[in-house]
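Just so you know, the sequences run in chain order A and B. Its first residue numbered 8, the first sequence is counted upward by one per residue in this note's numbering. Its first residue numbered 58, the second sequence is counted upward by one per residue in this note's numbering. Data block below; observations after.
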Amino acid sequence: ETGVTQSPTHLIKTRGQQVTLRCSSQSGHNTVSWYQQALGQGPQFIFQYYREEENGRGNFPPRFSGLQFPNYSSELNVNALELDDSALYLCASISVGQGDNEQFFGPGTRLTVL
Amino acid sequence: RKEVEQDPGPFNVPEGATVAFNCTYSNSASQSFFWYRQDCRKEPKLLMSVYSSGNEDGRFTAQLNRASQYISLLIRDSKLSDSATYLCVVTDSWGKLQFGAGTQVVVTP
Numbered sequence: 008e009t010g011v012t013q014s015p016t017h018l019i020k021t022r023g024q025q026v027t028l029r030c031s032s033q034s035g036h037n038t039v040s041w042y043q044q045a046l047g048q049g050p051q052f053i054f055q056y057y058r059e060e061e062n063g064r065g066n067f068p069p070r071f072s073g074l075q076f077p078n079y080s081s082e083l084n085v086n087a088l089e090l091d092d093s094a095l096y097l098c099a100s101i102s103v104g105q106g107d108n109e110q111f112f113g114p115g116t117r118l119t120v121l
Numbered sequence: 058r059k060e061v062e063q064d065p066g067p068f069n070v071p072e073g074a075t076v077a078f079n080c081t082y083s084n085s086a087s088q089s090f091f092w093y094r095q096d097c098r099k100e101p102k103l104l105m106s107v108y109s110s111g112n113e114d115g116r117f118t119a120q121l122n123r124a125s126q127y128i129s130l131l132i133r134d135s136k137l138s139d140s141a142t143y144l145c146v147v148t149d150s151w152g153k154l155q156f157g158a159g160t161q162v163v164v165t166p
């Protein structure tokens, strides 16, 4: 187990709805990255948070937004859900600046949009 | 063009055989290189880092060729438990990971 937890594990939503996914990073890790993995694809980088600030963003529209809290946990929010948003959403934590560049992934949240 | 490209496979490998596959990356400024393993419907897990000098971890050998911008993974004496999708990953200096789509390996008895 990596120590990174995500909730919920599964979620079903309908088009147009909004969703919030949560991630608790590994103890001592100050950076959280979010990834979207569609079926048959590799994970795609959504964005990264470092010390509560967005620090890098992939090719995702503004309806994908996030937050990081003082305890380094994080949320991913997706507004106006589309069918193509159905995917496994992964968060990963890393301790940037402390000589350890391994990213530890949580088990993911599987989102289905109907 | 994708930043990290992999042969999707599947590579069907008899138990005990050797299998090798590559990935290529487009960003010459990429800093770190990894192979991750992902089992069906699970999260990716780090298999090994990849260095220019080549590195070995048991039955797994990884190699990086910066000049040609490719990374390789070789699995010797394949086990049934090696069946998985192997994801090639490159990073920038901030740890942003770029994943390939994965190479599926199926080890058969």
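C-beta: ideal position from N, C-alpha, C; glycine also.
For D96 of chain B, the three-state DSSP class (helix, strand or coil): Within the second sequence, numbered from 1, the residue matching residue 96 of chain B stands at position 39. Coil.
Distance cut-off 7 Å: A158 of chain B Cβ against heavy atoms of the ligand FMN: This structure does not include the ligand FMN; it has no bound ligands of any sort.
DSSP state of D114 of chain B mapped onto helix, strand, coil: As a first step, residue 114 of chain B is located in the second sequence; it is residue number 57 there, counting from the start. Note: D114 of chain B maps to strand in three-state DSSP.
N37 of chain A versus S106 of chain B: straight-line alpha-carbon distance, rounded: Taking the first sequence and counting its residues from 1, one reaches residue 37 of chain A at position 30. Taking the second sequence and counting its residues from 1, one reaches residue 106 of chain B at position 49. Near 21 Å, if we compare the C-alpha coordinates of S106 of chain B and N37 of chain A.
Endpoints, beta strand (DSSP E) assigned at R133 of chain B: Taking the first residue of the second sequence as position 1, residue 133 of chain B is located at position 76. Looking at the DSSP string, R133 of chain B is not in any beta strand (DSSP E), and its letter there is neither H nor E.
Under the three-state DSSP convention, the category L90 of chain A falls into: Numbered from 1 along the first sequence, position 83 holds the residue referred to as residue 90 of chain A. L90 of chain A falls in the helix class under three-state DSSP.
R70 of chain A versus S85 of chain B - alpha carbon distance: Here residue 70 of chain A corresponds to residue number 63 of the first sequence, with the count starting at 1. Here residue 85 of chain B corresponds to residue number 28 of the second sequence, with the count starting at 1. Cα-Cα distance, rounded: 31 Å.
Neighbour-count burial assignment, A124 of chain B, 16 or more Cβ in a 10 Å radius: Translated into positions along the second sequence, residue 124 of chain B becomes position 67. When all chains shown are included, A124 of chain B counts as exposed.
Under 8 Å between C-beta atoms of K20 of chain A and L90 of chain A: Here residue 20 of chain A is taken as the residue at index 13 of the first sequence, counted from 1. Here residue 90 of chain A is taken as the residue at index 83 of the first sequence, counted from 1. Cβ distance not < 8 Å, so K20 of chain A and L90 of chain A don't count as in contact.
Runs of beta strand (DSSP E) wholly within the stretch 41 to 121 of chain A (minimum 3 residues, chain order): 51 to 57, 60 to 64, 71 to 75, 81 to 85, 94 to 102, 107 to 112, 116 to 120
Three-pair Cβ contact test at 8 Å for the stretch 66 to 86 of chain B versus the stretch 117 to 135 of chain B: yes
Contact the stretch 93 to 100 of chain A vs the stretch 44 to 63 of chain A: 3+ CB pairs below 8 Å: yes
Chain-ordered neighbours of L103 of chain B on chain A, where CB pairs are closer than 7 Å: Here residue 103 of chain B refers to the residue found at position 46 when the second sequence is read from its first residue. The answer, in chain order, is E109.
Assigned exposure category for L121 of chain A - 16 Cβ within 10 Å defines buried: Reading the first sequence from its first residue, position 114 is the one you call residue 121 of chain A. L121 of chain A is exposed by the Cβ-count criterion.
is_contact[Q48 of chain A, chain B] using C-beta, thresh 8 Å: In the first sequence, residue 48 of chain A corresponds to position 41, counting from 1. Judged by the 8 Å Cβ criterion, Q48 of chain A is in contact with chain B.
Stretch pair the stretch 90 to 110 of chain B + the stretch 143 to 150 of chain B: three plus CB contacts closer than 8 Å: yes
8 Å Cβ cutoff met for T160 of chain B and N69 of chain B: Position 103 of the second sequence, counted from the start, is the residue given in the question as residue 160 of chain B. Position 12 of the second sequence, counted from the start, is the residue given in the question as residue 69 of chain B. No, the Cβ-Cβ distance between T160 of chain B and N69 of chain B is not below 8 Å.
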